[in-house]
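Residue numbering for the sequence shown follows UniProt numbering, starting at 1 and increasing by one per position.
What follows is a set of notes on a single structure, which appears directly below.
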Amino acid sequence: MLTDNFLIYSQQFQGILAQAQATDGNNIPMSIEHSLQRTKEVLLSVRAEGKDVYLLGNGGSAALVAHVQTDLVNKCRLRAHVLQEPSLLTCMSNDYGYANAYQELISRYIRSGDVVLAVSSSGQSANILQACDSALANEANIITLSGFSANNHLRSKGMINIWLPSDDYGMVEVGHQLILHYLSDSLAEN
1 MLTDNFLIYS
11 QQFQGILAQA
21 QATDGNNIPM
31 SIEHSLQRTK
41 EVLLSVRAEG
51 KDVYLLGNGG
61 SAALVAHVQT
71 DLVNKCRLRA
81 HVLQEPSLLT
91 CMSNDYGYAN
101 AYQELISRYI
111 RSGDVVLAVS
121 SSGQSANILQ
131 ACDSALANEA
141 NIITLSGFSA
151 NNHLRSKGMI
161 NIWLPSDDYG
171 MVEVGHQLIL
181 HYLSDSLAEN
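Written out as C-alpha coordinates, the structure reads:
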(Lines of atoms letter the chains of each structure in order from A and count residues from 1; the text may use other names and numbers.)
(Lines give C-alpha, C1' and ligand atoms only; values in the text may rest on other atoms or scores of the structure.)
Protein backbone atom coordinates (compact mmCIF):
# COMPACT_ATOMS: atom_id res chain seq x y z
CA MET A 1 0.00 0.00 0.00
CA LEU A 2 2.80 2.41 0.79
CA THR A 3 4.17 1.88 -2.71
CA ASP A 4 0.78 2.71 -4.23
CA ASN A 5 0.55 5.91 -2.17
CA PHE A 6 4.05 6.91 -3.22
CA LEU A 7 3.22 6.33 -6.88
CA ILE A 8 0.11 8.47 -6.57
CA TYR A 9 2.12 11.19 -4.83
CA SER A 10 4.84 11.12 -7.48
CA GLN A 11 2.22 11.29 -10.25
CA GLN A 12 0.65 14.32 -8.57
CA PHE A 13 4.08 15.94 -8.40
CA GLN A 14 4.71 15.27 -12.09
CA GLY A 15 1.35 16.89 -12.85
CA ILE A 16 2.30 19.99 -10.89
CA LEU A 17 5.61 20.28 -12.73
CA ALA A 18 3.85 19.81 -16.07
CA GLN A 19 1.50 22.68 -15.24
CA ALA A 20 4.15 25.05 -13.84
CA GLN A 21 4.02 28.54 -15.29
CA ALA A 22 6.54 31.32 -15.76
CA THR A 23 6.14 35.01 -16.48
CA ASP A 24 8.44 37.94 -17.02
CA GLY A 25 8.35 41.30 -15.24
CA ASN A 26 5.46 42.45 -17.41
CA ASN A 27 3.41 39.34 -16.56
CA ILE A 28 3.95 37.99 -20.07
CA PRO A 29 4.01 34.19 -20.10
CA MET A 30 7.17 32.36 -21.06
CA SER A 31 7.94 28.67 -21.17
CA ILE A 32 9.53 27.06 -18.14
CA GLU A 33 12.52 26.17 -20.31
CA HIS A 34 12.95 29.81 -21.36
CA SER A 35 12.57 31.05 -17.77
CA LEU A 36 15.25 28.62 -16.58
CA GLN A 37 17.59 29.57 -19.42
CA ARG A 38 17.00 33.27 -18.72
CA THR A 39 17.64 32.73 -14.99
CA LYS A 40 20.87 30.94 -15.81
CA GLU A 41 21.94 33.84 -18.05
CA VAL A 42 21.17 36.36 -15.30
CA LEU A 43 23.21 34.40 -12.77
CA LEU A 44 26.14 34.00 -15.20
CA SER A 45 26.05 37.76 -15.74
CA VAL A 46 26.06 38.33 -11.98
CA ARG A 47 29.13 36.13 -11.67
CA ALA A 48 30.95 37.85 -14.55
CA GLU A 49 30.21 41.32 -13.15
CA GLY A 50 31.17 40.47 -9.55
CA LYS A 51 27.66 41.13 -8.27
CA ASP A 52 25.88 39.30 -5.48
CA VAL A 53 22.88 36.98 -5.15
CA TYR A 54 20.68 37.24 -2.06
CA LEU A 55 18.46 34.25 -1.28
CA LEU A 56 15.32 34.77 0.78
CA GLY A 57 12.87 32.31 2.30
CA ASN A 58 10.97 31.47 5.48
CA GLY A 59 10.69 28.11 7.23
CA GLY A 60 11.22 25.25 4.78
CA SER A 61 12.07 27.75 2.05
CA ALA A 62 14.77 29.24 4.32
CA ALA A 63 16.31 25.79 4.68
CA LEU A 64 16.08 25.32 0.93
CA VAL A 65 17.82 28.62 0.09
CA ALA A 66 20.53 27.91 2.68
CA HIS A 67 21.30 24.67 0.85
CA VAL A 68 21.22 26.39 -2.54
CA GLN A 69 23.61 29.06 -1.25
CA THR A 70 26.16 26.33 -0.61
CA ASP A 71 25.85 25.03 -4.16
CA LEU A 72 25.97 28.50 -5.71
CA VAL A 73 29.11 29.44 -3.78
CA ASN A 74 30.93 26.12 -4.06
CA LYS A 75 29.97 24.69 -7.45
CA CYS A 76 28.95 27.83 -9.32
CA ARG A 77 31.46 30.29 -7.84
CA LEU A 78 28.80 32.94 -7.23
CA ARG A 79 28.80 35.43 -4.40
CA ALA A 80 25.59 34.13 -2.81
CA HIS A 81 24.21 35.09 0.58
CA VAL A 82 21.35 34.15 2.87
CA LEU A 83 20.19 36.75 5.37
CA GLN A 84 18.96 34.44 8.10
CA GLU A 85 21.90 34.28 10.47
CA PRO A 86 20.04 33.97 13.78
CA SER A 87 21.50 36.86 15.78
CA LEU A 88 21.25 39.28 12.85
CA LEU A 89 17.74 38.27 11.80
CA THR A 90 16.42 38.31 15.35
CA CYS A 91 18.03 41.71 15.95
CA MET A 92 16.39 43.18 12.86
CA SER A 93 13.08 41.50 13.74
CA ASN A 94 13.22 42.88 17.26
CA ASP A 95 14.12 46.41 16.14
CA TYR A 96 11.96 46.70 12.99
CA GLY A 97 9.38 43.88 13.21
CA TYR A 98 9.60 40.54 11.46
CA ALA A 99 7.71 41.81 8.39
CA ASN A 100 10.44 44.43 7.89
CA ALA A 101 13.55 42.43 8.85
CA TYR A 102 14.59 41.27 5.37
CA GLN A 103 13.72 44.66 3.90
CA GLU A 104 16.05 46.37 6.36
CA LEU A 105 18.84 43.92 5.57
CA ILE A 106 18.34 44.20 1.81
CA SER A 107 18.42 48.00 2.01
CA ARG A 108 21.83 47.77 3.72
CA TYR A 109 23.39 45.19 1.40
CA ILE A 110 21.86 45.39 -2.07
CA ARG A 111 23.57 47.13 -4.97
CA SER A 112 22.35 47.92 -8.43
CA GLY A 113 22.64 44.81 -10.58
CA ASP A 114 22.55 42.36 -7.68
CA VAL A 115 19.92 39.61 -7.73
CA VAL A 116 17.38 38.65 -5.11
CA LEU A 117 16.10 35.10 -5.44
CA ALA A 118 12.88 35.09 -3.41
CA VAL A 119 11.27 31.74 -2.54
CA SER A 120 7.85 31.57 -0.91
CA SER A 121 5.44 28.68 -1.19
CA SER A 122 2.43 30.95 -0.67
CA GLY A 123 3.89 34.00 -2.39
CA GLN A 124 2.24 36.06 0.35
CA SER A 125 4.97 36.39 3.00
CA ALA A 126 5.05 40.07 3.99
CA ASN A 127 8.77 40.04 4.84
CA ILE A 128 9.68 38.57 1.43
CA LEU A 129 7.41 40.99 -0.44
CA GLN A 130 8.81 44.02 1.37
CA ALA A 131 12.38 42.87 0.75
CA CYS A 132 11.59 42.61 -2.96
CA ASP A 133 10.20 46.16 -2.94
CA SER A 134 13.42 47.37 -1.31
CA ALA A 135 15.52 45.49 -3.86
CA LEU A 136 13.54 47.00 -6.74
CA ALA A 137 14.00 50.48 -5.30
CA ASN A 138 17.75 49.83 -5.38
CA GLU A 139 17.74 48.61 -9.00
CA ALA A 140 18.34 44.96 -8.20
CA ASN A 141 16.93 42.11 -10.27
CA ILE A 142 14.43 39.72 -8.73
CA ILE A 143 13.70 36.10 -9.53
CA THR A 144 10.75 34.49 -7.74
CA LEU A 145 9.61 30.97 -7.00
CA SER A 146 6.13 30.58 -5.57
CA GLY A 147 3.09 28.34 -5.43
CA PHE A 148 -0.44 28.31 -4.08
CA SER A 149 -2.66 31.00 -5.64
CA ALA A 150 -1.96 32.00 -9.22
CA ASN A 151 -2.58 35.59 -8.08
CA ASN A 152 -0.08 35.60 -5.22
CA HIS A 153 1.73 38.90 -4.77
CA LEU A 154 5.27 37.56 -5.15
CA ARG A 155 4.49 36.46 -8.67
CA SER A 156 4.34 40.10 -9.80
CA LYS A 157 7.68 41.15 -8.29
CA GLY A 158 10.30 39.47 -10.44
CA MET A 159 11.88 39.85 -13.82
CA ILE A 160 11.37 36.06 -13.88
CA ASN A 161 8.57 34.43 -11.89
CA ILE A 162 8.13 30.67 -11.68
CA TRP A 163 4.88 29.43 -10.16
CA LEU A 164 3.84 25.90 -9.22
CA PRO A 165 0.08 25.25 -9.19
CA SER A 166 -0.36 23.54 -5.84
CA ASP A 167 -1.37 24.50 -2.32
CA ASP A 168 0.54 21.59 -0.82
CA TYR A 169 3.68 22.87 0.92
CA GLY A 170 5.57 19.63 0.35
CA MET A 171 4.87 19.55 -3.37
CA VAL A 172 5.76 23.23 -3.84
CA GLU A 173 8.94 23.01 -1.75
CA VAL A 174 10.16 19.89 -3.54
CA GLY A 175 9.38 21.55 -6.89
CA HIS A 176 11.36 24.63 -5.89
CA GLN A 177 14.21 22.40 -4.75
CA LEU A 178 14.22 20.59 -8.08
CA ILE A 179 14.30 23.89 -9.99
CA LEU A 180 17.13 25.30 -7.89
CA HIS A 181 19.19 22.10 -8.09
CA TYR A 182 18.74 22.08 -11.85
CA LEU A 183 19.95 25.69 -12.03
CA SER A 184 22.96 25.16 -9.79
CA ASP A 185 23.95 21.98 -11.64
CA SER A 186 23.67 23.68 -15.03
CA LEU A 187 25.58 26.75 -13.79
CA ALA A 188 28.35 24.53 -12.45
CA GLU A 189 28.96 23.30 -16.00
CA ASN A 190 29.88 26.85 -17.15
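Every residue, glycine too, gets a C-beta built ideally from N, C-alpha and C.
### Message
Checking the sheet assignment: what are the DSSP bridge partners for Val115?
### Response
Val115 has Val53, Asn141 as its beta-bridge partners, per DSSP.
### Query
Helix, strand or coil: which one does DSSP assign to Met171?
helix
Met159 (DSSP reduced to helix, strand or coil): The answer is coil: DSSP assigns Met159 none of H, G, I, E or B.
Item to complete: Look at the Cβ atom of Ser125, then the Cβ atom of Asn58, and state whether they are nearer than 9 Å.
Response: yes
Determine the direct distance from the alpha carbon of Val116 to that of Gln37, and round the result to whole angstroms. 17 Å
**Item:** Residue from Asn152, Lys51, Asn161 whose Cα sits closest to the Cα of Ala80
**Value:** Lys51
Quick check on DSSP: helix, strand or coil for Gln21? Of the three classes helix, strand and coil, the one that applies to Gln21 here is strand, per DSSP.
Please classify Ser35 as buried or exposed, where buried requires at least 16 other C-beta atoms within 10 Å of its C-beta. buried
Which stretch, first to last residue, makes up the beta strand (DSSP E) that contains Arg79? Counting along the chain, the beta strand (DSSP E) containing Arg79 begins and ends at 79-82.
**Prompt:** Between Leu183, Ala18, Phe6, which lies nearest to residue 201 when the distance is taken from Cα to Cα?
**Reply:** This structure cannot speak to residue 201, because the chain is shown only from 1 to 190.
Under the three-state DSSP convention, the category Ser31 falls into:
The answer is coil: DSSP assigns Ser31 none of H, G, I, E or B.
Is it buried or exposed, Asn141, if we count other Cβ atoms within 10 angstroms and call 16 or more buried?
buried
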